[in-house]
Every structure is written in C-alpha cells, then in structure tokens.
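One structure is given here, and the rest of the page talks about it.
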Amino acid sequence: MAAKQKSQKSLAFFLNSFKKSLNVFLRETGLHGLKFVGDSALSIWERSFFLIAFLAAFVMTCQLISNIYAKWNSTPVIIGISPHATSILKVPFPAITICNMNQVQRSKVLHYKKGSSEFDVLKLLCSPESTETEESVDADPTMWSTLFGNNSLRISDFVTNHSQPCAQMLRYCRFSAVEYDCAQLFRHIITDEGLCCVFNFLPSEFLYKPYSNSGKNLTGRLGHVPVAWDPETGYPANLPKLYYPTTAVGTGITMGFTAVLDAQLSEYYCSSTNGIGFKILFHNPITMPNVKEEGLVVGVGYETNFRLEVSSSEAMPSIRSISRDDRQCVFKNEKELLYHKIYTHKYCENECIAKFLYKTCNCIPYAYPHIYRNASVCSVRDAICIRRAQRPENRPESSKCRKECLPSCFDLSYAADALYFPLAKRDFRIANKQLANMNKSYVLENIAVMNLYYRESAYYGSMRNVYIGFTEFLSNIGGVMGLFMGFSVISIAEVLYFLVLKPISELIAWKRSKKLDGIKPNPLEVQDTYEFNQNKNIWHTKELYPKGFAAKSFRLSRKNTKILRIKDRLDNRAFL
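In the numbering used here, the protein residues as written are -1 to 574.
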C-alpha cells in the first residue's frame, strides 16, 4: 500500500512538473502559433483558434512530407544526359562481325549423298524453320530416333569445316587510313549465323571462365596485344603500343574501316535469307554477336557506308546504396555468371536459356554458352528436342530466370545509318585499286564494299544518378516544416528539453530532496528554512505539493544537519 502511494505521489509530481514545463515551452518556443496557445492573457476562444490553426498546419505538413517520401521511394534513380562529352578516342572502335549468308560451300558438300550423316546436317542447316519434320515426329515419336538417333555429328564442327573461311571472304581491309592483311585483323568465330569473321573482339580468355572450352574463337592471329577492357572500368592505365580492342584515330571514311567482301556466288549452296550477300553487326568488344537477329545486310554489287553513333550508359557511385530492384541495373561485381567473366544483360539471358535447354535436352546448342563443365554440345540427334524447347509455348519456363537479368549500369553500344550506291558497271578509273583490277561482271555478282566510320568526334552518353539524395530529401522536408510550422532542428532540442528532460530531472531531484526532507532538522535551522520556503517566487517541492509529505521522526546526526544547512544556503544563492 505504501509503495502504491509512493508511486502515485511520484506520478503526480511528474505530471505537475510536465505541466509547468509545457507552459514555459508554449511561451518560449519558435513554432508558429503555439505562443498564443500558451498565452493566459488571451481568451479561450482565441487560444483555441491558434491551436486549430497549428493542428491544421501540422496535418498539411504530414501530408506533404508523405508525398515527398513517396516520390523519394518510388523514383530513386533518374536517367539524364551526361554533363561531359566523351571522345571517341577513349572508347573502342566497335567489334565488326561479318557473315556470309551462304551456310556451306557447294564444292565441299555436293558429294554427300542422301542418307549420310553429313546430308542430315545439311537438312538442318538449310531448313532450320521447317515444320514438316516436327509434325512428322509429333505424330510418330520414334521417327526421329530411327532416322537420326545414331548421328553424333555436331553442327558447329560441320559448319567450321564446310563454310567459307575469312581468307576467301575478305579481299581488302583498311583501318585508320592504313591497309592491312585481312588475315591479321580478323578471326573466325562461331555465331548463330554460322561461321563468321570478327575484328576488334576480345579473345576467349578475357570473356569466359577458366574451365570454359568455348570453341567460339577458333583462331587468334591478330598482331596486336589484347588488353582487358569493359564499359565500367575502361582501359588499363598502362597500354602497350599496339593493342586491341583498339580505338579509332578520327572521323570520316578515311579514318574509319573499309573492307572488300567476296560472296563467291558459285559456292552458294543454301542461304540463311532469301538472297545473297552478307550480314554485318557492329557490337561491343565484349558482347557475343547475335548476327541472325540483329545483323545488317550488305548487298552484293553495292558499296554501303555506315555512319556510326555511340550510345553509352554510366552510373554514379552513389546509386550503389540503392537496391538493384530499385535502381534497375547491375554493376559488374554484383552478380556472377556461370560462364562469363563479365556481366551483361545479354549474357545473363543466354545463360538462363542454356540452363533450360540443358535441363530439357541434356545438352547445350553451340550458339549458347556452355555453362556446365561436363555439358555436351548438341548434335543432330538432339536437334528436334531443341526445336521443341524453343517453341513459344515453352518460353515461359525460362522467363522466371530471365526476369532476374537486369541491364548493366555501364554499357556501350553502337547504331549505324546505312547509305548505299551501286558499284561501277562501266570501264573507268575508280578509287579502290583492288576493285579496278577485277572483272566488272564478277564485281557486280560477287563483290560488296563496306565503309564504317564515326560521324562525330565526341558523344554524350546517359547517366544514372540519385534522383533525390538524402541531403535533398532532408532539405525538402525541412523547407515544408519551416514554411508551415516554423520548425527547425532547435525545435527538436526545445521539445526534448522542456517536455522530456526537464520533467524527468525535476522528478529525480524531488526524490533526492524528499529523502533529505524526511530527515529531522536541527531546531536552530528550522525557522530559517521555514521562512525561506514561504517565499512564493521560489519553485520548490513544497510549492508543487503544498500539503507536504509526512516525515519520519528520527535523530539527526551532525552530518545530516550540516548537509541541510549547505543545501539551504545553495538554494538561497540560486534564488538571489
């Protein structure tokens, strides 16, 4: 019972102290309108008016702060134009992949007879989208295993051995106003379009994991030294004199890349399109080319000029603190791929498709990354399974993995405008000596000329940055609170002091003085203490509780009497 009464007295003291501190706070605070609420000279209606106005301002402030937070949370990243121009001398010239539309050379496959394993590969290459075989297999599931079950030929090996080599395709090469032997610039590469030739593309040891046996870069006779490059870190600090991926030295056709291509029409057996010519793709030096879907066409008998435009995306380091799902991009060291050393959006999607195809057919097609060490390359007998797995109705099975593939925060891509005109049909002098020495009819039926060059010497990329940083967020909130309520950081200190710290400190002081008040005083000191306490201007515990508290009677020691005397003297000095 005594403990309960003691607790009630403590609570009553705290509430009384809080009330007094609140009155002082209302009179002294800088918050708009509260000084009028605490002004006892005003009527109750006037004080109520200012209280309602303060509450209305408070509600509006909360609403606006909620809007600011929603905008900050929903749009953490903004994509704008980079404030600084980037010179073409600081980025690689695009990798160039050239593919003849002819899948295999006639002279190399004409002797294969119907029913042979090689002839079956030709059927797959020359009729990749035929539905007749699939419908027959769907009707009779054992038909495919009967026809091709023993055919273990790999399409990639067959294409490598029977397609047109780069030495026959490329008749003339010039880069940065210097003529080169095309064999020293280009390497063979296996793509979804078959055997192609690529220039300025990093070799496999820079792109794939150590255990990966890519088989994609079949030769490497480039005279320059390969260096590690990626869009995020760029070139290393120390570069050799000759290196690749190399950069351009200027703008215009003369400082660009020129090639004379020979289609060899007499060697056409089957085309990947409806005619003859070449497919060309300009791509990032670290990105595997997807020539079949993205390649540009260069027609035979024409000279085609491609004017390059560079498109790049960058990101400020400050967005690393934002989650990947919110910023919608990935830095290169944030996600590790199974097969590739460098993360790109396309590589991530290709690995997802490769996982699905391996799970479905227990092999991986040659055009997809070999993500598992022991995975086999699909052969002819696996072709029907791959076709079924790639049907539109089966694509959702790999879409879950592909949804996790976000774009790279740093990327570099190229776009080109094509202008073409026919090659010379009559005998007159022309600029290219290589073409001038060729038969005109052969040129018109077999030769294509391409020129690739930059139009501008600098470009502006896109930049990802924090839309509203913490400083801007705090400034917006502070501006709203200052406008509607006159709130500042010092206001927080005022609230904390008057409404929390002061009542608690007075409660603690009261409890300590209560112990001293319970000590029986020296008769010589009682009168002085009593007269001092009668002064109503002193804020003392007896003023807060005029009824007082019962004191226990006990004998005062000299030490306790001395403590009381010192305490009262200190109180008197504080009052004066």
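All C-beta atoms, glycine included, are put in the ideal place defined by N, C-alpha and C.
Neighbourhood of residue i by C-beta, 6 Å cutoff - its chain only, sequence neighbours within 5 removed
i      : result
Ile77  : Ser460 and Arg462
Leu13  : none
Glu541 : With a pLDDT of only 45 at Glu541, under the threshold of 50, the placement of this residue in the model should not be trusted; the figure read from the coordinates follows. Excluding sequence neighbours, Glu541 sits near nothing in its chain.
Ser15  : Pro501 and Glu504
Tyr528 : Bear in mind that the predicted position of Tyr528 carries a pLDDT of just 42, short of 50, making it unreliable; the figure below should be weighed with that in mind. So the list is empty, once near-sequence residues are dropped.
Ser8   : none
Glu576 : Because the chain spans -1 through 574 in this model, residue 576 falls outside it and cannot be assessed.
7 Å CB neighbourhood of residue i in its chain, flanking five on each side removed
i      : result
Tyr465 : Thr73, Pro74, Val75 and Ile76
Ser85  : Ser455 and Ala456
Lys106 : His160
Ala10  : none
Pro234 : Val225 and Ala226
Ala51  : Gly31
Met58  : Phe482
CB of residue i within 8 Å of CB of residue j, strictly
i      : j      : result
Pro367 : His338 : yes
Tyr300 : Leu421 : yes
Val89  : Leu410 : yes
Gly297 : Glu191 : no
Tyr356 : Tyr345 : no
Cys97  : Phe329 : no
Thr158 : Ile187 : no
Ala352 : Cys361 : no
Gln103 : Cys124 : no
Ile153 : Val295 : no
Leu87  : Thr244 : no
Lys18  : Arg25  : no
Cys327 : Cys407 : yes
His281 : Tyr412 : yes
Ser486 : Gly480 : yes
Arg400 : Cys350 : yes
Gly484 : Gly28  : yes
Ile253 : Ala175 : A small correction: the amino acid at residue 253 is Met; Ile does not occupy that position in the sequence shown. Their beta carbons are under 8 Å apart, which means Met253 touches Ala175 by this criterion.
Phe580 : Ile94  : Shown here, the chain extends from -1 to 574; a query on residue 580 therefore has no answer.
Bridge partners - residue i, DSSP secondary structure assignment
i      : result
Thr95  : Val196 and Leu279
Asn78  : One detail in the question is off: residue 78 reads as Gly in this sequence, not Asn. BP columns for Gly78 point to Met461.
Leu168 : Leu259
Thr84  : Tyr457
Arg152 : Ser377
Gly232 : Asp228
Ile362 : Val375
Glu347 : DSSP output for Glu347 lists no bridge partner at all.
His338 : Tyr206
Tyr266 : Gln103
Among the options, nearest to residue i - alpha-carbon criterion
i      : options                           : result
Ser150 : Met436, Cys376 and Leu497         : Cys376
Gln432 : Asn360, Cys171, Ala261 and Gly275 : Cys171
Phe38  : Ala446, Asn21, Leu9 and Asn303    : Phe is not the amino acid found at residue 38; the sequence shown has Ser there. Among Ala446, Asn21, Leu9 and Asn303, the Cα nearest to that of Ser38 belongs to Asn21.
Pro229 : Ile317, Ala313 and Thr256         : Ala313
Asn65  : Leu499, Phe471 and Ser503         : Phe471
Thr271 : Met253, Glu265, His281 and Lys290 : Lys290
Tyr206 : Cys195, Val176 and Thr285         : Thr285
Phe274 : Phe408, Gly248 and Tyr266         : A small fix is needed here, since residue 274 is Ile in this sequence, not Phe. When each option's Cα is compared against that of Ile274, the closest is Tyr266.
Tyr458 : Ser310, Leu336 and Thr231         : Ser310
Ile475 : Leu263, Leu494, Ser439 and Gln61  : Gln61
Ala434 : Pro315, Val258 and Ile320         : Val258
Asn198 : Phe56, Ala54, Pro92 and Ser264    : Pro92
Lys398 : Glu347, Met448 and Asn444         : Glu347
8 Å CB neighbourhood of residue i in its chain, flanking five on each side removed
i      : result
Gly218 : Per-residue confidence for Gly218 stands at a pLDDT of 42, beneath the threshold of 50, marking its modelled position as unreliable; no derived number is given.
Leu237 : Val225
Val478 : Thr59, Leu62, Ile63 and Ile66
Pro405 : Ser311, Gln326, Cys327, Val328 and His343
Continuous alpha helix (DSSP H) stretch holding residue i: start and end
i      : result
Asp415 : No alpha helix (DSSP H) contains Asp415, which is instead part of the beta strand (DSSP E) from Asp409 to Pro420.
Ile66  : Ile42 to Ser72
Phe586 : Examination of residue 586 is not possible in this model, given that the chain is present from -1 through 574 alone.
Glu291 : Val289 to Glu292
Val487 : Val487 to Leu494
Ala434 : Lys431 to Ala434
Asn392 : Segment: none, Asn392 is in no alpha helix (DSSP H) and carries neither H nor E.
Tyr110 : That residue, Tyr110, is in no alpha helix (DSSP H); it is neither H nor E in DSSP.
Val89  : From DSSP, Val89 is part of no alpha helix (DSSP H); its letter is neither H nor E.
Arg424 : That residue, Arg424, is in no alpha helix (DSSP H); it is neither H nor E in DSSP.
Leu123 : Ser115 to Cys124
Asp324 : Arg322 to Arg325
Extent of the continuous beta strand (DSSP E) to which residue i belongs
i      : result
Arg185 : Phe184 to Thr189
Met479 : From DSSP, Met479 is part of no beta strand (DSSP E) but of the alpha helix (DSSP H) over Phe468 to Met483.
Leu240 : No beta strand (DSSP E) holds Leu240; DSSP gives it neither H nor E.
Tyr452 : Ile445 to Tyr452
Glu177 : Val176 to Tyr178
heavy atom of the ligand GTP below 7 Å from residue i C-beta
i      : result
Glu492 : You won't find the ligand GTP in this model; it holds no ligand whatsoever.
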